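In the working numbering, the protein residues as written are 1 to 79. Yeah, the Cβ is synthetic: ideal placement off N, Cα and C, and Gly gets one too. These numbers were taken from a predicted model, which means no experiment stands behind them. Have a look at the structure below, then the notes.
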(Lines of atoms letter the chains of each structure in order from A and count residues from 1; the text may use other names and numbers.)
(Lines give C-alpha, C1' and ligand atoms only; values in the text may rest on other atoms or scores of the structure.)
Protein backbone atom coordinates (compact mmCIF):
# COMPACT_ATOMS: atom_id res chain seq x y z
CA UNK A 1 0.00 0.00 0.00
CA UNK A 2 2.76 2.46 0.91
CA UNK A 3 4.25 2.62 -2.61
CA UNK A 4 0.82 2.91 -4.25
CA UNK A 5 -0.23 5.83 -2.08
CA UNK A 6 3.22 7.45 -2.13
CA UNK A 7 3.27 7.82 1.62
CA UNK A 8 6.19 9.38 3.44
CA UNK A 9 9.28 7.54 2.17
CA UNK A 10 11.48 8.56 5.13
CA UNK A 11 13.43 5.44 6.14
CA UNK A 12 13.19 6.48 9.80
CA UNK A 13 9.43 6.01 9.63
CA UNK A 14 9.39 2.82 7.54
CA UNK A 15 8.95 0.39 10.45
CA UNK A 16 6.27 2.58 12.02
CA UNK A 17 4.39 2.89 8.74
CA UNK A 18 4.60 -0.87 8.26
CA UNK A 19 3.00 -1.45 11.68
CA UNK A 20 0.24 1.07 11.01
CA UNK A 21 -0.51 -0.31 7.54
CA UNK A 22 -0.52 -3.88 8.86
CA UNK A 23 -3.01 -2.82 11.53
CA UNK A 24 -5.16 -1.05 8.96
CA UNK A 25 -5.17 -4.20 6.85
CA UNK A 26 -6.49 -6.14 9.84
CA UNK A 27 -9.13 -3.47 10.45
CA UNK A 28 -10.27 -3.66 6.82
CA UNK A 29 -10.64 -7.44 7.16
CA UNK A 30 -12.74 -6.90 10.30
CA UNK A 31 -14.96 -4.32 8.62
CA UNK A 32 -15.53 -6.76 5.76
CA UNK A 33 -16.44 -9.52 8.22
CA UNK A 34 -18.93 -7.23 9.96
CA UNK A 35 -20.48 -6.42 6.59
CA UNK A 36 -20.77 -10.10 5.73
CA UNK A 37 -22.34 -11.06 9.06
CA UNK A 38 -24.46 -8.00 9.81
CA UNK A 39 -25.22 -6.55 6.37
CA UNK A 40 -28.06 -7.64 4.16
CA UNK A 41 -25.99 -8.36 1.03
CA UNK A 42 -25.53 -12.06 1.81
CA UNK A 43 -28.88 -12.64 3.49
CA UNK A 44 -29.03 -12.67 7.25
CA UNK A 45 -31.27 -15.65 7.84
CA UNK A 46 -33.91 -15.82 10.54
CA UNK A 47 -31.65 -14.85 13.46
CA UNK A 48 -28.94 -12.37 12.44
CA UNK A 49 -26.23 -11.53 14.98
CA UNK A 50 -26.95 -8.58 17.24
CA UNK A 51 -24.76 -5.51 17.14
CA UNK A 52 -24.89 -2.63 19.57
CA UNK A 53 -24.91 0.96 18.35
CA UNK A 54 -21.39 1.65 19.65
CA UNK A 55 -19.96 -1.27 17.65
CA UNK A 56 -21.80 -0.24 14.50
CA UNK A 57 -20.64 3.36 14.91
CA UNK A 58 -17.03 2.19 15.37
CA UNK A 59 -17.11 0.16 12.14
CA UNK A 60 -18.76 2.98 10.18
CA UNK A 61 -16.32 5.58 11.51
CA UNK A 62 -13.29 3.39 10.77
CA UNK A 63 -14.48 2.86 7.20
CA UNK A 64 -15.16 6.59 6.81
CA UNK A 65 -11.72 7.54 8.16
CA UNK A 66 -9.96 5.15 5.77
CA UNK A 67 -11.89 6.41 2.76
CA UNK A 68 -11.21 10.06 3.65
CA UNK A 69 -7.50 9.30 4.10
CA UNK A 70 -7.24 7.55 0.73
CA UNK A 71 -9.19 10.30 -1.03
CA UNK A 72 -6.98 13.01 0.51
CA UNK A 73 -3.80 11.19 -0.51
CA UNK A 74 -5.05 10.62 -4.06
CA UNK A 75 -6.22 14.24 -4.33
CA UNK A 76 -2.81 15.48 -3.15
CA UNK A 77 -1.09 13.33 -5.81
CA UNK A 78 -3.14 15.05 -8.53
CA UNK A 79 -2.33 18.55 -7.25
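Status (buried if at least 16 other CB within 10 Å, exposed otherwise) for residue i
i	result
residue 34	buried
Residue i - DSSP class collapsed to helix/strand/coil
i	result
residue 39	coil
residue 73	helix
residue 66	helix
residue 25	helix
residue 54	helix
residue 8	coil
Nearest candidate by alpha-carbon position, reference residue i, set the options
i	options	result
residue 52	65, 32, 62, 38	38
residue 28	78, 74, 66	66
residue 69	18, 14, 24	24
Whole-angstrom C-beta distance between residue j and residue i, which should lie under 8 Å
i	j	result
residue 31	residue 11	The Cβ separation is near 31 Å, so there is no contact.
residue 77	residue 26	Between residue 26 and residue 77 the Cβ distance is about 25 Å, and since that is not below 8 Å, they are no contact.
Distance cut-off 8 Å: residue i Cβ against heavy atoms of the ligand ATP
i	result
residue 9	For the structure depicted, the ligand ATP is absent and the ligand set is empty, with no information on it obtainable.
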